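Novice: Pasting a structure below so you can have a look.
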Amino acid sequence: MPDYLTTPQGRRLAYNRTEGEGPGVVFLGGFKSDMQGTKAVALEDWAKRKGRAFLRFDYSGHGESDGEFIAGCIGDWAEDAQAAISELTEGPQILVGSSMGGWISLLMTQRMPDRIAGLVTIAAAPDFTEDSMWAGFDDAQKTALDMVEQVALPSEYGEPYIITKRLIEDGRNHLLLRGPIPLPFPVRFLQGTADADVDISVAHRLLDRAEGPDIRLTLVKGADHRFSDPDCLVLIEKTVEKVLARG
Numbered sequence: 312m313p314d315y316l317t318t319p320q321g322r323r324l325a326y327n328r329t330e331g332e333g334p335g336v337v338f339l340g341g342f343k344s345d346m347q348g349t350k351a352v353a354l355e356d357w358a359k360r361k362g363r364a365f366l367r368f369d370y371s372g373h374g375e376s377d378g379e380f381i382a383g384c385i386g387d388w389a390e391d392a393q394a395a396i397s398e399l400t401e402g403p404q405i406l407v408g409s410s411m412g413g414w415i416s417l418l419m420t421q422r423m424p425d426r427i428a429g430l431v432t433i434a435a436a437p438d439f440t441e442d443s444m445w446a447g448f449d450d451a452q453k454t455a456l457d458m459v460e461q462v463a464l465p466s467e468y469g470e471p472y473i474i475t476k477r478l479i480e481d482g483r484n485h486l487l488l489r490g491p492i493p494l495p496f497p498v499r500f501l502q503g504t505a506d507a508d509v510d511i512s513v514a515h516r517l518l519d520r521a522e523g524p525d526i527r528l529t530l531v532k533g534a535d536h537r538f539s540d541p542d543c544l545v546l547i548e549k550t551v552e553k554v555l556a557r558g
């Protein structure tokens, strides 16, 4: 059973925390995913084996947290992440952000830089509401978004995604790939070449915008967006260990 945290905004978030040595590791999940995902659970197992402090949590409207998914947006979920890191961890943290969690983790490096000791992203999707969703909408979808304030997108992961006007408009307040992104700590970007959800060009744009002394992009040929087969899971663990060693 998870524990629960009430954020300053009044949202009730589910989380699982593992006690251990610092710097701790925080996993930030993707869009409509939850903390029971393969990568989050595998990293928790790794942390327990290593005696490392670890946190995984559900954004509002995700998993076991309160709220409706369609009511949320990037700004809300970034507030959730900031509250979780602030209230549930101590000292510097290594952030591990998957897909949308990569975007959220990058926002955290700007909002609470004194708490970040390193960053690992997996198929990071910064700015996806604008560059993938909005840019991919046809005229009918844009009209529907304007008139009824939502549009349904098919998903290979289950039910269609309901994309709201608020999600798109709020996303524009948090765009990162339009300028430099200072990352003054060890950073590792992981990206599969067979990712059908986040194009490899996004990883290259992120690498180009990132500024810091220790930043690397690793491409895994044939890996898809889930990035959760046994080899990928081992790579994630080893990458976190390298960031910890260099921090």
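Using this note's numbering, read the sequence shown as starting at 312 and increasing by one per residue.
Yeah, the Cβ is synthetic: ideal placement off N, Cα and C, and Gly gets one too.
Just so you know, these numbers come straight off a predicted model, no measurement behind them.
1) I need the straight-line Cα distance from F500 to P493, nearest angstrom please.
2) Between the segment 362 to 374 and the segment 330 to 344, do at least 3 Cβ pairs fall closer than 8 Å?
3) Going by the beta-carbon positions, is the gap between L488 and L517 smaller than 8 Å?
4) Could you pull out every unbroken beta strand (DSSP E) segment of at least 3 residues lying fully inside the segment 511 to 555, listed in chain order?
5) Going by DSSP, name the residue or residues bridged to F338.
6) On the three-state DSSP scale, how would you describe D314?
7) Return the Cβ separation of L324 and A382 in integer angstroms, given the expectation that the two are a contact with Cβ distance under 8 Å.
8) What's the C-alpha gap between V407 and V554?
9) By Cβ distance, which residues of its chain are closer than 8 Å to H536, with the 5 residues on each side in sequence left out?
10) Less than 8 Å between the C-beta atoms of V498 and L546, yes or no?
Specialist: So, from the data block:
1) Start at 1 with the first residue of the sequence shown, and residue 500 comes out as number 189. Start at 1 with the first residue of the sequence shown, and residue 493 comes out as number 182. Computed Cα separation, rounded: 14 Å.
2) yes
3) Residue 488 sits at position 177 when you count from the first residue of the sequence shown. Residue 517 sits at position 206 when you count from the first residue of the sequence shown. Result yes, Cβ atoms of L488 and L517 sit closer than 8 Å.
4) Those beta strand (DSSP E) runs which fall completely within the segment 511 to 555 and span 3+ residues are 526 to 531.
5) Counted from its first residue, the sequence shown places residue 338 at position 27. According to DSSP, F338 bridges with R367 and V407.
6) To locate residue 314, count along the sequence shown from 1; it is residue 3. D314 falls in the strand class under three-state DSSP.
7) Mapped onto the sequence shown, residue 324 falls at position 13. Mapped onto the sequence shown, residue 382 falls at position 71. Not confirmed; about 14 Å, so no contact.
8) Translated into positions along the sequence shown, residue 407 becomes position 96. Translated into positions along the sequence shown, residue 554 becomes position 243. Distance between the alpha carbons of V407 and V554: 11 Å.
9) Counted from its first residue, the sequence shown places residue 536 at position 225. Same-chain partners within the cutoff: S410, A434, G503, D506, A507, D508 and V509.
10) Start at 1 with the first residue of the sequence shown, and residue 498 comes out as number 187. Start at 1 with the first residue of the sequence shown, and residue 546 comes out as number 235. Between V498 and L546, the C-beta spacing is not below 8 Å.
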